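Participant: All residue numbers for the sequence shown refer to this note's numbering, where the first residue is 15 and numbers rise by one. Beta carbons are placed, not taken as given, at the ideal position from N, Cα and C, and that holds for glycine. Model, not experiment: these values are computed from the prediction.
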Amino acid sequence: MQALQARVTLLSTDPFRGQNAARFEVREGDVEPDTGSSRAEVTGPTFDEGQDIYVRDAIRIPAGNTFSAPWQLIDQLHEKPWTGSPGIAVFLDAERRISISNGTGSPFYWQGPRLELERWYELIYRDNLSQDPTQGFVEVWLNGHPQTLTNGATRMYGRTIETPETYLKAGIYRSKFSTGTSIVEHADLGVGPTLASVLGR
């Protein structure tokens, strides 16, 4: 875990589908000592180029969230060894609009809705991991509904991994210039080889 003490806590109040949830928080001036960044994240499993994975995460934004620009990530598939932006990142902007893109913003795969406060959302994204932009692709579901991506289809091709290995991170990672307090709750995070394997967990 990469977070300051007490910035990641477990909750049992109104959890998603009866499961415990984790509350992540980053405040102005927070610097995680191991990375020197403004973050509160947990690290998950590692995946290899060529794998086709489905990532499922239930997300809720509490009323106390006051995050302001410029940017923050709430999920990412971050390569290793790699010091650049992640191949796939889930962004949440200051208007609580969720999106998926490369960490640099291009390619930009999906622009989701503005999330309501205190409401759980079930996000699933499929990532076919490839450095070849003709082989890598992304698909997205929100609350069980397939999403139309920025190319007008439900699948969009692009370079989805920057090195042969990547690993999952969830929580909050934001610009050191961000203001306000970021609070995001995550629950029932999981990865599987098929859509059926992550639905109804």
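On the CB-based measure, 16 or more other CB atoms within 10 Å of its CB, does E199 come out buried or exposed?
Facilitator: A residue is called buried when at least 16 other Cβ atoms come within 10 angstroms of its Cβ; E199 meets this threshold and is buried.
Participant: Is L203 near D71, with beta carbons less than 7 Å apart?
Facilitator: yes
Participant: So within the stretch 106-130, which uninterrupted beta strand (DSSP E) runs reach at least 3 residues, ignoring any that extend past its ends?
Facilitator: 111-115, 122-128
Participant: By Cβ distance below 6 Å, which residues in the same chain neighbour L131 in space, the five residues on each side in sequence not counted?
Facilitator: I75, A77
Participant: State whether the stretch 175-183 contacts the stretch 53-61, with contact taken as three or more CB pairs (one from each stretch) at a distance under 8 Å.
Facilitator: Contact between the stretch 175-183 and the stretch 53-61 is established, with three or more Cβ pairs separated by less than 8 Å.
Participant: Can you list, in chain order, the residues of its chain with a C-beta nearer than 8 Å to that of G50? Leave out the 5 residues immediately preceding and following it.
Facilitator: Result list for G50: empty, nothing under 8 Å.
Participant: Assuming F105 and T164 form a contact by the criterion Cβ under 8 Å, report the distance between their Cβ atoms to the nearest whole angstrom.
Facilitator: Not really, about 13 Å apart at Cβ, beyond 8 Å.
Participant: What does a CB cutoff of less than 7 Å around L129 pick up in its chain, not counting 5 residues either side in sequence?
Facilitator: I75, R110, I112, Y135
Participant: Could you check the C-alpha separation between A17 and T168 for me, to the nearest Å?
Facilitator: 35 Å
Participant: Quick check: what's the CA-CA separation for T148 versus R173?
Facilitator: 8 Å
Participant: Near P160, which residues of its chain fall below 7 Å by C-beta distance, leaving aside the five closest residues on each side in sequence?
Facilitator: T168
Participant: Give me, in chain order, the residues of the same chain whose beta-carbon lies closer than 7 Å to that of H92; leave out the 5 immediate sequence neighbours on both sides.
Facilitator: Same-chain partners within the cutoff: P100, T180, Y181, K183.
Participant: Using a 10 Å radius around the Cβ and a threshold of 16 neighbouring Cβ atoms, would you call N79 buried or exposed?
Facilitator: buried
Participant: Which residue marks the beginning of the beta strand (DSSP E) containing A201, and which one marks its end?
Facilitator: 196-206
Participant: Please state the DSSP three-state secondary structure of A167.
Facilitator: coil
Participant: Determine, using beta carbons only, whether L143 and I114 come nearer to each other than 7 Å.
Facilitator: no
Participant: For my contact list, M170 and F151 are in at a C-beta cut-off of 8 Å; report their separation, rounded to the angstrom.
Facilitator: 6 Å
Participant: When burial is assigned at 16 or more other CB atoms within 10 Å of the CB, is R37 buried or exposed?
Facilitator: buried
Participant: Rounded to whole angstroms, what's the CA-CA distance from T162 to I73? Just pull it up for me.
Facilitator: Looking at the two C-alpha atoms, the distance is approximately 20 Å.
Participant: My output table needs one value for R31: the three-state DSSP class, helix, strand or coil.
Facilitator: Collapsing the DSSP output to three states places R31 in a helix.
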